């Protein structure tokens, strides 16, 4: 029987999975032998024996230097052959000799040669297990491995090590990666495999708590933790690991990651608190247990508050210092022997009278009750079934220090009461803002019935004395319960309720901001048009910028439309529009927008710009002014006045919203709710993740995209994007995705994360190749292949051997223009041969017809089984082969609303049906621009699922900025400029 822990044995069992040798399936002819290897949970007998035999040979002092010494050799060996394995077993090798390493890296020819590699792999797992005992995070035996996308082994992997991993007392050793869940396929782990070992052992399981808080299955939570531990990005997981996460969307993954980080932060703080209290010599078994039970910061604060440095101590601590703790324990355990008179010491303050001793015992008992886990669990469960309400009222001193207008804003909450289970998130944020401004006072009301039932339960069950207690002692116990509830438990419950409500409201506000931002970023572009951007203004004039269909600045100017020179400036505008053949005007929605819109609408109605059919649209200019004075704008448009830069930005927001809006810090785009009241760290992390998701899913053409856009691709950052641009400028355009491995700082992990989201336009490459061939006979930066298939390159060999990749054939690959990941190219080519298609037909009608015919005949599940892959992976391959070249899924979303006329607020009537565009979505309603200069509000109660189109429900994006809707006017309040609308349908 192996002496290793159960988790290590589970790892070995699960590692030999169905897809482990999937990339070699076409090379194997022994189907019966393959079936024997497909068992997931039943280990082969040879594996444990091999692991036992290697145990005495391994030792930590010998392993470390050999790892470092052998690392370059492994990299070199891996580069000399073509590795087609999809599973990355990049773990440290302790005592495997050079021959063993070659066996691991070389392409396997038969099932027999595959099985020979089980022995070195089990040695790696043994090394992994011993490393985890030395203090490493348990990512070796519990991390979910992802398919390999690179032939580079450990030499490069070491550079991808994340130095910011979750650790407490020491930096982690090198991560060991093993495959538990095969490519994209969910695996139901055994009962104890869902628990993931963290650096700090708590009295609760992190997977279990994460599942309870997010309402997601245990096995999915375990997979997600492993994927995040392995430094996978959300876009990569959502697209290429769907079945491991049970097809969750990006928002759900962000929520899980945020909750996971909170739990780890609590565990980290608990660890720090324990070390601090131990150093002071105040730690006890009871306190240690209470600390390890803490799941929230509020619970930790409650338990650790008396032990903070510099604290004068609680009443219970001062009573314990007087020696009354034994009296309190005796009252509970053996009250018949307790004699309080024996504790009287007339010369000692606090012990001079019987009443002082009774008070001290009461404080100790109250402290014990308030920190008892079972007692707190009972009172929390009791509150769940009772009416607990939150109340707000006008503060008494608010009228003296606060502006009267600010007080009117909180009129709804000046006498407000609501059940904490029914209160809305926006109401919580409004109450919190009013309290911070000292306009409102807020309290949580717990009914007296809760206290009475709590005291009854304590006397009869938890805190009942074990013997007969005299009436005077029972009086002390009753007083202790009353004091504990009023002074300790009630404030704790109020803090917990408020913290939970605020946390949930902030999370929902941030998620709403993220959904709005995604909708705005995915607005359909308007390519192929020459546009005039207008940044409106009064005194300083309206700034104009005309940009070409390729976003080049053609002309900039300033016109003064609202200073009595409107007619003269109209001739100037008409001349510019005619000279540049521009028929689309984009107006920012800032100062003087309404007047500028009326000016252009009047000229258009008079057909002033004939023969041009001019239309205009209004776009948000949020963040344009901030961007115009940023270093990024100065670098992109040097020498241009910042005011004119904002006009350029406004025009580009219509031409390609995603490429322009990523230049602006997300929180400045202004499509959120209470964004200044929420955690700025959480807001920034969420919005940056949404931007990364949008840019990655849309994809970028690496040979023409900007550095700003490239840095938002999953797996890349500012430095890697800069290195890619520098490599492109030095060596010419990228011919295929494999060339990315030559870029400095782009290791196997980064390549795996970003490769599927980077496109290479084949027409551009063919044109470039033909031009270079005609002019110089060879392609600059593109290696020429000799007859033996060996790469011949004029580039200087760098010091780092892992960047040579001498075996990579750098020639155009039609699959590089698709969303198919390089790890699936082998499956895609087999699928093409299966349907008798060629790479030249990718994206054409013939390809779609062949795919549809096969899917209708065989079914996608049967095809995936035949190719030995997952349905999700095959669906990505089918989408990539079917989608036409330069496909952009943003075309399914709404374009800007172009107009020729204008409507006034006074023209509106109740019952009027209008079309408009959603400007912002909040938790209490939807703001819609209906073209009257003031947005109308659709209350959230009027937005029902039946009114949302089926397409919106399928996208699960809800109703967000940019959506075109049909609405009906319900109410018009002209003095307050408020319009109430009803949603009829989504257009």
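Numbering (the numbering used here), first residue to last: 3 to 989.
Ideal placement from N, C-alpha and C gives every residue a C-beta, glycine not left out.
Quick caveat: nothing in here was measured; it's all calculated off a predicted structure.
For residue 535 and residue 817, the rounded distance between their alpha carbons: 38 Å
First through last residue of the alpha helix (DSSP H) which encompasses residue 756: 750 to 756
Quickly, what does DSSP pair residue 394 with across the bridge? List them, please. 418 and 444
So, under 8 Å CB-CB, residue 844 and residue 883 are touching, yes? Tell me the CB distance rounded to an integer number of Å. 5 Å
How should residue 235 be labelled, buried or exposed, when 16 other C-beta atoms within 10 angstroms of its C-beta is the threshold for buried? buried
Roughly how many angstroms separate the alpha carbons of residue 833 and residue 762, rounded to a whole number? 21 Å
Member of 757, 735, 752 and 756 whose CA lies at the smallest distance from the CA of residue 765: 735
Report the CB separation of residue 837 from residue 853 in whole angstroms; it is logged as a contact under 8 Å. 6 Å
Go through its chain and collect everything with a Cβ distance to residue 822's Cβ below 8 Å, but skip five positions before and after it. 758, 830, 878, 879, 882 and 883
N- and C-terminal bounds of the beta strand (DSSP E) containing residue 619: 617 to 621
What's the call for residue 428, buried or exposed, on a 16-neighbour Cβ count within 10 Å? buried
Residues near residue 455 by beta carbon distance below 8 Å, same chain, minus five either side: 384
Provide the residue span of the alpha helix (DSSP H) that contains residue 939, from first to last. Segment 938 to 941 is the beta strand (DSSP E) holding residue 939; no alpha helix (DSSP H) there.
Rounded to whole angstroms, what is the Cα-Cα separation between residue 209 and residue 286? 28 Å
Counting along the chain, where does the alpha helix (DSSP H) carrying residue 947 start and finish? Taken as a continuous stretch (DSSP letters only), residue 947 belongs to no alpha helix (DSSP H), as it is neither H nor E.
Considering only their Cβ atoms, is the gap separating residue 931 from residue 949 smaller than 8 Å? no
Would you kindly report the start and end of the unbroken beta strand (DSSP E) that includes residue 557? 555 to 561
Which residues in the same chain as residue 555 place their Cβ atom closer than 8 Å to its Cβ, once the five residues preceding and following it in sequence are excluded? 547, 548, 549, 639, 642 and 650
beta-carbon residue 397 near the ligand ADP non-hydrogen atom, thresh 7 Å: Questions concerning the ligand ADP fall outside what the structure shown contains, since it holds no ligand whatsoever.
Classify residue 557: buried if its beta carbon has 16 or more other beta carbons within 10 angstroms, exposed otherwise. exposed
Consult DSSP for residue 130 and reduce its assignment to one of helix, strand or coil. At residue 130 the pLDDT is 45, less than 50, meaning the model places this residue with poor confidence; the figure from the coordinates comes in the next sentence. In this structure, residue 130 counts as helix in the three-state DSSP scheme.
Tell me whether residue 335 sits in a helix, a strand or coil according to DSSP, three-state version. helix
What would DSSP say about residue 275, mapped onto helix, strand or coil? helix
Please return the same chain residues whose Cβ sits closer than 7 Å to the Cβ of residue 397, not counting the five positions on each side in sequence. 440, 441, 442 and 443
Who are residue 546's beta bridge partners in DSSP? 536 and 559
Looking only at C-alpha atoms, which of 926, 910 and 924 sits nearest to residue 969? 910
Compare the C-beta of residue 351 against all C-beta atoms of chain C and say whether one is closer than 8 Å. Looking at the structure shown, chain C is missing, and only one protein chain is on hand.
Any contact of the stretch 580 to 591 with the stretch 607 to 627, i.e. 3+ C-beta pairs under 8 Å? yes
From residue 262 to residue 212, what does the alpha carbon distance come to, in whole angstroms? 7 Å
Ignore the nearest five residues each way along the sequence and tell me which others in residue 893's own chain have a CB closer than 7 Å to its CB. 526
So the beta strand (DSSP E) residue 815 belongs to, where does it begin and stop? Taken as a continuous stretch (DSSP letters only), residue 815 belongs to no beta strand (DSSP E), as it is neither H nor E.
Have a look at the DSSP bridge pairing and note the partners of residue 931. 919
Taking Cβ positions, are residue 251 and residue 516 nearer each other than 8 Å? no
Would you say residue 551 and residue 544 are within 8 Å of each other, going by their C-beta atoms? no
Please classify residue 866 as buried or exposed, where buried requires at least 16 other C-beta atoms within 10 Å of its C-beta. buried
When you compare only the Cα positions, how much space is there between residue 512 and residue 593? 28 Å
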